[in-house]
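Student: Counting from 1, position 342 in the sequence shown corresponds to residue 456 in my numbering; the numbering is continuous, with no gaps. The structure follows.
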Amino acid sequence: VALFVDQARRLQDMGVDSICIKDMAAIIKPQAAFDLVKGIKDACGPGMRLHLHVHATTGVTMVSLMKAVEAGVDCVDTAISSMSLGPGHNPTESFIEMLEGTAFSTKVDKERILRVKTHFGKTLARYKEFLSQVTGAETEIFKSQIPGGMLSNMESQLRQQGAGDRLMEVLEEIPVVRKDTGYVPLVTPSSQIVGTQAVLNVLMGRYKVLTGEFSDLMLGYYGAGPGEKNREVVMLAREHTRKEEITCRPADLLKPEWEKLRSEALSLSGCNGTDEDVLTYAMFPQVAPKFFAQRHEGPLNLGKDPLTGTSEIHPAEGHQGVITGPITYAVTVSGMQHKVTVAPFNP
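If you want it as structure tokens, here you go:
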């Protein structure tokens, strides 16, 4: 707690007036939540806004939210009950009810919340392929310390490989991989990098296969972690990528590109020259030109109605619509013609 309080003080000295405490793995216990929030509030004063973000995976964090409220937290994250728990957030309605009889209130309209719950309860089936199979409390995460989004992502990876039954092996492998990286924080993107490497270690053998991203992480291209890296794994990464390890701040090696990007963005039809448009072009150079050119047409809903499954977008004239049966194509590769049949996939 003292370490985090000291970090909060240093952030405040830099001009920060709002801090989010993020616990994606759901490992912050009630007393720790109370001590941390109170410690930061006492050190930084009431002007420092504190936000607590926790997931529900381990089963303890609903109480942690209450203790944080008692300690003076300003904001907490929850999710509507029909889309809560498991590796997600704690249920909004339950948290509101827990505040009954205390000195605290959200002033949320319960009837409106109920309508939100009902709406998303009806749409949930649409997203079944993305839903986690973890519905109870996963106390093993106190050891592996993996965040909820990382857990559901690994489940999906394992199912795609026909190895859904090996999740517990991966959970045991993650602390090993994380230690080898120097204990990088398990947040995006490092959580996905560590998780994917752990999956490969279980399926293929430890470090028999390295992803490019994991190699870059070991070689310092994502910055420095808080601990020492496993030098043997660093050497494997060097052999795998034929890159040199860097020990400085990675961004110091980059050439300034802002003016070049601004010039390129301004040459695009529809670009308004704002920093926001330049950043849009920098992050999405393939998508931005079309977005700028069509922005004046306003937003277009490409999705389907969550309740009926129908779309506002209709097939162009002459289009046969959705493929409902097998279609055979003639494909020529290196002068040889092959017949390829494509059929709808029904898992």
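Every residue gets a Cβ at the ideal spot worked out from N, C-alpha and C, and that includes glycine.
Roughly how many angstroms separate the alpha carbons of F209 and H165, rounded to a whole number?
Tutor: Distance between the alpha carbons of F209 and H165 is about 16 Å.
Student: DSSP three-state call for R163: helix, strand or coil?
Tutor: Looking at R163 - three-state DSSP - the assignment turns out to be strand.
Student: Using a 10 Å radius around the Cβ and a threshold of 16 neighbouring Cβ atoms, would you call F148 buried or exposed?
Tutor: Buried: at least 16 other Cβ atoms inside 10 Å.
Student: Using a Cβ-Cβ cutoff of less than 7 Å, which residues in the same chain neighbour M332 once the five nearest sequence positions on both sides are dropped?
Tutor: Here the set comprises T295, K343, V347, V348 and A351.
Student: Does the Cβ of L272 have 16 or more other Cβ atoms within 10 Å, making it buried, or fewer, making it exposed?
Tutor: Result: buried.
Student: Please go through the same chain and pick out, in chain order, the residues whose beta-carbon is closer than 6 Å to the beta-carbon of T206, but skip the five residues on each side of it.
Tutor: Once the five neighbours on either side are set aside, the close Cβ partners of T206 are T192 and I194.
Student: So what does DSSP say about T394, is it helix, strand or coil?
Tutor: Note: T394 maps to helix in three-state DSSP.
Student: Using 8 Å as the cut-off, can you tell me whether the region 221-228 makes contact with the region 253-264, which would need three or more C-beta pairs spanning the two stretches below that distance?
Tutor: These segments do not touch.
Student: Among C362, V392 and D120, whose alpha-carbon lies nearest the alpha-carbon of E371?
Tutor: If we check each option's Cα against that of E371, V392 comes out closest.
Student: Between F218 and V183, which are expected to be in contact by the criterion C-beta below 8 Å, what is the C-beta distance as a whole number of angstroms?
Tutor: F218 to V183, Cβ: 6 Å. Contact.
Student: In whole angstroms, what separates the C-alpha of E373 from that of P403?
Tutor: Those two C-alpha atoms are separated by around 18 Å.
Student: Buried or exposed, going by whether 16 or more other CB atoms sit within 10 Å of the CB of P201?
Tutor: P201 is buried by the Cβ-count criterion.
Student: Whose C-alpha, out of R124, K293, L382 and L317, is nearest the C-alpha of V308?
Tutor: The shortest C-alpha separation from V308 is found at K293.
Student: Need the endpoints of the alpha helix (DSSP H) that Q126 sits in, please.
Tutor: Run containing Q126: A116 to D127, per the alpha helix (DSSP H) assignment.
Student: Is the beta carbon of F256 sitting closer than 9 Å to the one on M197?
Tutor: Contact: no.
Student: So A277 and L245 are supposed to be a Cβ contact under 8 Å. How far apart are they, rounded?
Tutor: Not a contact, Cβ separation roughly 19 Å.
Student: Kindly give me the distance between the Cβ atoms of I133 and V168, rounded to whole angstroms, as I take these residues to be in contact under 8 Å.
Tutor: That belief does not hold up - the Cβ atoms of I133 and V168 are roughly 15 Å apart, past 8 Å.
Student: How many angstroms separate the CA atom of I260 from the CA atom of H410?
Tutor: Taking the straight line joining both Cα atoms gives about 43 Å.
Student: Let's see if you can read the secondary structure: which residues bound the beta strand (DSSP E) around Q311?
Tutor: Looking at the DSSP string, Q311 is not in any beta strand (DSSP E); the run it does join, the alpha helix (DSSP H), is S304 to M318.
Student: Comparing C-alpha positions only, which one of A157, Q451 and K152 sits nearest to V187?
Tutor: Ranking A157, Q451 and K152 by Cα distance to V187 puts K152 first.
Student: Counting only the same chain and skipping the five closest in sequence on each side, list residues whose C-beta sits under 6 Å from that of E287.
Tutor: Closer than 6 Å at the Cβ level, and outside the excluded window around E287, lie A312, N315 and V316.
Student: Using beta-carbon positions only, say whether G341 and Y297 come within less than 9 Å of one another.
Tutor: Yes, Cβ-Cβ distance for G341 and Y297 is below 9 Å.
Student: What's the gap between the Cα of G339 and the Cα of Q451?
Tutor: Those two C-alpha atoms are separated by around 52 Å.
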